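The opening residue of the sequence shown carries number 1 in UniProt numbering; numbering runs sequentially from there.
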Amino acid sequence: MGRGRVQLKRIENKINRQVTFSKRRSGLLKKAHEISVLCDADVGLIVFSTKGKLFEYATDSCMERILERYERYSYAERQLIESPVQNYMNTWTLEHAKLKARIEVLQKNQSEIYLGPGENNGEVEATQCQNQSSNSVIPPWMLHG
1 MGRGRVQLKR IENKINRQVT FSKRRSGLLK KAHEISVLCD ADVGLIVFST
51 KGKLFEYATD SCMERILERY ERYSYAERQL IESPVQNYMN TWTLEHAKLK
101 ARIEVLQKNQ SEIYLGPGEN NGEVEATQCQ NQSSNSVIPP WMLHG
């Protein structure tokens, strides 16, 4: 006859909680060791108690090597996930830059049409254009753009 299913909820009694933590921690460390031996797997296990005490298990006592491997793996995974999004963003950033440059060229050409080549589209030129507009065929609203 087996034991009944344990209800998973926080153990309120502090002493019982500490005893359960110690027993389960030992069982978890034992299982980590078993899977590393039986399956020839690299295992890293980190547990912090409620008081902040560290308990760890690492295959061949090399937690640092396992953590470095995990960081490299998780970084590569993020790159695979982010890569299509990043490519999409790079495409639109490039397209935005091209359109912005095209607008600048068109504005420069427009200025040269109305002001003449080499002249700036500054306040003085705008005032001169307004003065000339009364004698010109170009409507004043086209000069303010």
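Every residue, glycine too, gets a C-beta built ideally from N, C-alpha and C.
If you're wondering where the values come from, they're calculated on a predicted model, not measured in any experiment.
Per DSSP, cross-strand counterpart(s) of residue i
{"i": "L45", "result": "Y57"}
Proximal residues to residue i (C-beta, below 6 Å), its chain only, five neighbours per side dropped
{"i": "A29", "result": "Here the sequence assigns Leu to residue 29, which means Ala is not the residue at that position. The residues are Y57."}
{"i": "A32", "result": "V43, L45 and Y57"}
Beta-carbon proximity check, residue i vs residue j, cutoff 8 Å
{"i": "G44", "j": "L8", "result": "no"}
{"i": "F21", "j": "S61", "result": "no"}
{"i": "I11", "j": "R5", "result": "no"}
{"i": "R78", "j": "V47", "result": "no"}
Helix, strand or coil at residue i according to DSSP, with G and I counted as helix
{"i": "Q107", "result": "helix"}
{"i": "G6", "result": "Reading off the sequence shown, one finds Val at residue 6, where the question assumed Gly. If DSSP states are grouped into helix, strand and coil, V6 belongs with coil."}
{"i": "E12", "result": "coil"}
{"i": "K31", "result": "helix"}
{"i": "K23", "result": "helix"}
{"i": "C39", "result": "helix"}
{"i": "K100", "result": "helix"}
{"i": "T50", "result": "coil"}
Residues near residue i by beta carbon distance below 7 Å, same chain, minus five either side
{"i": "I113", "result": "none"}
{"i": "S136", "result": "Residue placement at S136 cannot be trusted, given a pLDDT of 49 that sits under 50; what the coordinates show is reported in the next sentence. Here the set comprises nothing."}
Own chain residues within Cβ distance below 8 Å of residue i, not counting five before or after
{"i": "T59", "result": "S36, A41, D42, V43, G44 and I66"}
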